[in-house]
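Taking it in order: structure first as structure tokens, then the write-up.
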Amino acid sequence: MLFLSCEVSCGPELTMRGLIRLSFVFPAIVAGIGAGVLALWPIGEVEPASFPPGDAERGAYLARASGCVSCHTNSAAKGLALAGGAPIDTPFGTFVPPNITPHPEAGIGRWTIQDFAKAVRQGVSPDGDPYYPVFTYSFYAGFTDQDIADLWEAFRTVPAVGDAAPPHDVGFPFSFRSGLKLWRAAYLETPKTDALMGTSSPWNRGRVLVEGAAHCAACHTGRTLAGGLDDGARFAGNDSLPGGSKAPPILSDVLLAKGWGVANLAYALQSGILPNGDAFGGSMAEVVAEGTSFLSAADREAIATYLLDPEGTGEIPVPTPTPVETPMAGMDHSQMDMGNGN
Amino acid sequence: MKSQWTGAIALAASAVAAVALAHTGATGVVLDRMNGMTAMRDTIAELAPMMQGTVPYDTFIVSEGASVIASHAGGTMLSLFPENSLEGVTYAKPEIWSDWQEFAALAEELKAYADALAEAAPNGLEPANSPAGEMAGMDHSAMGMTGTPQPAQGFTVAELMGYGAAPEEIAVTRGTSDPTVLELDLTTLAADDLFNRISATCSSCHAKFRAGRN
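Chains Y and H, in that order, give the protein sequences.
First residue of the first sequence? That's 1 in the numbering used here, and the numbers climb one at a time after it.
First residue of the second sequence? That's 1 in the numbering used here, and the numbers climb one at a time after it.
This is the structure we're talking about:
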């Protein structure tokens with residue numbers, strides 16, 4: 001209507017000017033309306049009014065298994081426990097895992113257990129904002145009320161630290177948090193951690209850990225341009241981890257072909273040693289040192305069992321003594337970044 | 001006699017490693033340090049099954065193997081990393097020289113643990129009923145295998161949450177490069193404890209200073 005009236009009354013020159021103006025104004029109006037709709041779009045479910053009594057020991061184990069401690073503690077800088085992690089460089093910006101000690105201002109001291117549950121299981125802050133998916137909350141969606149109560153009890157034992165972690169350094173448009181609601185709609189899925197009939201207890205336990213708490217796919221599955229997990233490349237490896245590290249494929253056929261079995265894989269998760277004597281480097285070294293080395297032997301075997309037999313057939317071939325490919329020997333140099341840039 | 005065996009094993013390992021790596025294109029000091037790393041890797045591969053208990057523990061092989069590792073660690077290793085020696089095929093990261101103190105500390109820590117293992121090999125493996133041993137020897141059939149992960153015996157809530165240090169007799173020092181660790185009488189520790197410390201030091205160093213994949 002505006003265009004028509006201008007065309008009639010203002011002549012062809014002003015009509016062109018009007019068009020140009022509209023080409024700026026109209027998208028801005030649409031974007032503004034879209035942003036408003038996104039901001040008002042409610043996310044998250046109401047958490048239970050009460051939770052069962054928590055067990056700090058079980059919660060601490062779950063926190064360690066889930067990567068809470070390693071991610072939210074800047075060990076390289078000798079930072080205090082859970083007072084904020086090392087910055088994570090991604091294509092979307094630099095994210096800093098926040099202080100989650102019980103400090104009332106710098107940490108989560110003012111949170112209720114419902115706030116905590118909503119953050120961990122749903123990825124939604126107490127203010128109703130979505131968390132960035134660099135926080136691997138999607139893997140924790142299957143945590144039970146008991147899990148949450150246990151975690152909460154464990155976190156309440158942590159000494160409060162009054163220094164808040166630095167804010168994320170994320171540019172527009174990724175700084176517009178409400179935009180993450182679209183990401184959630186496109187990518188958020190509940191992990192498949194339910195027990196399967198006819199499979200062994202270790203296998204089911206491994207499924208709970210691999211698909212849930214231990215969130216193996218977060219590193220070992222490639223990402224889409226929007227940062228979501230690429231379902232078509234599940235466990236197929238990822239050469240673009242934050243910080244330039246790489247995660248190899250952990251598909252069962254690849255693992256078996258490289259000589260992995262339950263015993264040596266479980267041992268690697270404990271010690272960091274590969275069957276050929278090499279030691280993990282990159283981010284997997286940290287995963288072992290700050291995560292899987294704290295797990296029980298049974299849990300490490302369960303993880304190995306599930307990874308080597310994802311269908312739950314109960315049959316895992318005994319590995320051949322073929323040396324495992326490592327960076328030190330037998331490496332395809334044509335694939336290697338020799339610029340020492342990572 | 002012991003030094004002769006150590007020298008022979010180290011020489012053989014280095015010779016095999018040299019052949020294996022010759023095709024990589026590495027030359028000079030880069031090849032030398034690759035040979036050293038490969039010799040240590042092969043030794044770890046030989047000792048690891050003993051530490052897991054999947055092959056019989058042999059005090060002599062453990063001691064000799066530890067000596068091989070020690071011979072490639074510490075000052076020997078550092079001498080093979082002249083400043084900015086990044087020419088050709090190498091897995092070394094420039095951070096080695098920008099954070100030389102940390103790198104040197106890890107190299108010395110590796111030698112200290114390896115020397116201790118060479119001496120402490122007769123100590124054998126950690127008893128199965130020790131706090132750390134209980135984890136490895138857990139009765140899996142008794143574990144609840146669904147839902148919440150099970151607490152790991154041997155770790156307190158404080159240790160698991162990261163604000164409490166593990167008791168020295170339980171802890172596996174994870175490549176701390178902390179000089180105070182080296183002041184302990186390491187030779188009183190069990191062989192698998194020392195072996196775990198060696199592997200943790202290797203991992204810690206690889207994570208910080210080695211390029212390539214995990």
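Cβ coordinates follow ideal geometry from the N, Cα and C atoms, glycine included.
Other residues of its chain near residue i: CB distance less than 8 Å, five sequence neighbours each side excluded
i: I250 (chain Y); result: C216, H220, F235, G237, L307
i: S5 (chain Y); result: Confidence is the limiting factor: at S5 (chain Y) the pLDDT is only 44, short of 50, which leaves the residue's position unreliable and the question unanswerable from this model.
i: Y113 (chain H); result: L186, L194, R197, I198, T201
Contacts around residue i, its chain only, beta-carbon distance under 7 Å, and the 5 residues preceding and following it disregarded
i: G84 (chain Y); result: H72, N74, V96, P97, P98, N99, A165
i: T27 (chain H); result: G88
i: P310 (chain Y); result: S252
i: F143 (chain Y); result: V120, R121
i: A76 (chain Y); result: A86
i: N214 (chain H); result: Since pLDDT at N214 (chain H) reaches only 49, below the 50 mark, its modelled position is unreliable, and the value read off the structure follows with that caveat. Here the set comprises nothing.
CB contact check: residue i to chain H, cutoff 8 Å
i: D89 (chain Y); result: no
i: E349 (chain Y); result: Outside the modelled stretch of chain Y, which goes from 1 to 342, sits residue 349 (chain Y), for which no answer is possible.
i: G93 (chain Y); result: no
i: S271 (chain Y); result: yes
i: G314 (chain Y); result: no
i: A257 (chain Y); result: no
i: P289 (chain Y); result: Strictly speaking, residue 289 (chain Y) in this sequence is Ala, with Pro absent from that position. Yes, contact with chain H.
i: G45 (chain Y); result: Going by the sequence as given, residue 45 (chain Y) is Glu instead of Gly. Judged by the 8 Å Cβ criterion, E45 (chain Y) is not in contact with chain H.
i: E401 (chain Y); result: With chain Y running from 1 to 342 in the structure shown, residue 401 (chain Y) is simply not present.
i: E105 (chain Y); result: no
Among the options, nearest to residue i - alpha-carbon criterion
i: G109 (chain Y); options: Y:T157, Y:T144, Y:D239, Y:G34; result: Y:T157
i: M284 (chain Y); options: Y:F294, Y:G277, Y:G272; result: Y:G272
i: L292 (chain Y); options: Y:F26, Y:G232, Y:E189, Y:S70; result: This sequence places Thr at residue 292 (chain Y); Leu is not what is there. The option with the nearest alpha carbon to T292 (chain Y) is Y:S70.
i: A141 (chain Y); options: Y:L209, Y:S23, Y:S201, Y:L180; result: Y:L209
i: F343 (chain Y); options: Y:Q122, Y:Q146, Y:P126; result: No information on residue 343 (chain Y) is available, as it lies outside the stretch 1 to 342 that chain Y covers here.
i: A149 (chain Y); options: Y:Y61, Y:W203, Y:G179; result: Y:Y61
i: P49 (chain H); options: H:I61, H:A39, H:T38; result: H:I61
i: N276 (chain Y); options: H:D32, H:V30, H:V29, H:E46; result: H:E46
i: D89 (chain Y); options: Y:P53, Y:G54, Y:G171, Y:L80; result: Y:G171
i: D55 (chain Y); options: Y:P242, Y:G228, Y:E153; result: Y:E153
i: L80 (chain Y); options: H:L31, H:A73, H:G162; result: H:G162
i: A186 (chain Y); options: Y:G228, Y:E315, Y:A279, Y:G107; result: Y:G228
i: G162 (chain Y); options: Y:G107, Y:P202, Y:T305; result: Y:G107
i: G225 (chain H); options: H:G36, H:A211, H:V30, H:E109; result: Only positions 1 to 214 of chain H appear in the structure, and residue 225 (chain H) is not among them; the question remains open.
i: G344 (chain Y); options: Y:P102, Y:T112, Y:P27, Y:S178; result: Any question about residue 344 (chain Y) goes unanswered here, given that chain Y covers just 1 to 342.
i: W41 (chain Y); options: Y:F51, Y:G206, Y:T190, Y:V124; result: Y:V124
i: Y48 (chain Y); options: Y:L196, Y:P91, Y:D115, Y:A65; result: For the sequence presented, residue 48 (chain Y) should be read as Pro rather than Tyr. That would be Y:D115, whose Cα lies nearest to the Cα of P48 (chain Y).
i: T187 (chain H); options: H:T90, H:Y91, H:A105, H:P122; result: H:P122
i: F92 (chain Y); options: Y:D147, Y:T112, Y:W260, Y:L225; result: Y:L225
Same chain, Cβ closer than 6 Å to residue i, neighbours up to 5 away in sequence not counted
i: P87 (chain Y); result: T94, V96
i: M51 (chain H); result: D192, F195
i: E205 (chain Y); result: For the sequence presented, residue 205 (chain Y) should be read as Arg rather than Glu. Closer than 6 Å at the Cβ level, and outside the excluded window around R205 (chain Y), lie A302.
i: S66 (chain Y); result: A213
Beta-carbon proximity check, residue i vs residue j, cutoff 8 Å
i: E102 (chain H); j: K208 (chain H); result: yes
i: R300 (chain Y); j: L269 (chain Y); result: yes
i: D115 (chain H); j: A70 (chain H); result: yes
i: F176 (chain Y); j: A35 (chain Y); result: yes
i: K192 (chain Y); j: P130 (chain Y); result: no
i: W203 (chain Y); j: T305 (chain Y); result: yes
i: A118 (chain H); j: A200 (chain H); result: no
i: P159 (chain Y); j: T101 (chain Y); result: yes
i: M77 (chain H); j: A120 (chain H); result: no
Residue-level contact to chain Y via CB, residue i, 8 Å cutoff
i: R33 (chain H); result: no
i: Y163 (chain H); result: yes
i: Q52 (chain H); result: yes
i: L125 (chain H); result: no
i: V219 (chain H); result: No information on residue 219 (chain H) is available, as it lies outside the stretch 1 to 214 that chain H covers here.
i: M138 (chain H); result: Legend: pLDDT at M138 (chain H) = 36, less than 50; position of this residue unreliable, value from coordinates given subsequently. So yes, M138 (chain H) belongs to the interface.
i: A45 (chain H); result: yes
i: D99 (chain H); result: no
i: L160 (chain H); result: yes
i: A26 (chain H); result: no
i: A48 (chain H); result: yes
i: A120 (chain H); result: no
Within-8 Å CB hit, residue i to chain C
i: A114 (chain H); result: Here chain C cannot be found, since the structure's protein chains are Y and H.
Proximal residues, the stretch 184-207 of chain H versus chain Y, C-beta separation under 7 Å | Listed by position, the residues of the stretch 184-207 of chain H near chain Y (Cβ gap below 7 Å) are N196, S199, A200, C202, S203, S204, H206, A207.
Would you list, in chain order, the members of the stretch 54-67 of chain H that have their beta-carbon closer than 9 Å to a beta-carbon of chain Y?
-> Residues passing the 9 Å Cβ filter: T54.
Residues of the stretch 137-169 of chain Y with Cβ closer than 8 Å to any Cβ of chain H, in chain order | Listed by position along the chain: T144, Q146, D147, D150, A154, F155, T157, V158, P159.
Quick one: which residues of the stretch 61-88 of chain Y get their C-beta closer than 7 Å to a C-beta of chain H? List them in chain order.
-> Taking 7 Å as the Cβ-Cβ cut-off against chain H, the residues of the stretch 61-88 of chain Y that qualify are Y61, L62, A63, R64, A65, V69, T73, A81, L82.
Proximal residues, the stretch 260-284 of chain Y versus chain H, C-beta separation under 9 Å = Residues of the stretch 260-284 of chain Y with a C-beta less than 9 Å from any C-beta of chain H: A263, N264, Y267, Q270, S271, G272, I273, L274, P275, N276, G277, D278, A279, F280, G281, G282, S283, M284, listed in chain order.
Can you list, in chain order, the residues of the stretch 289-312 of chain Y whose Cβ is nearer than 9 Å to any Cβ on chain H?
-> Listed by position along the chain: A289, E290, S293, F294, L295, S296, A297, A298, D299, E301, A302.
In chain order, what residues of the stretch 205-229 of chain Y put their CB closer than 8 Å to some CB of chain H?
-> Of all residues in the stretch 205-229 of chain Y, R205, V208, L209, A213 have a Cβ within less than 8 Å of some Cβ in chain H.
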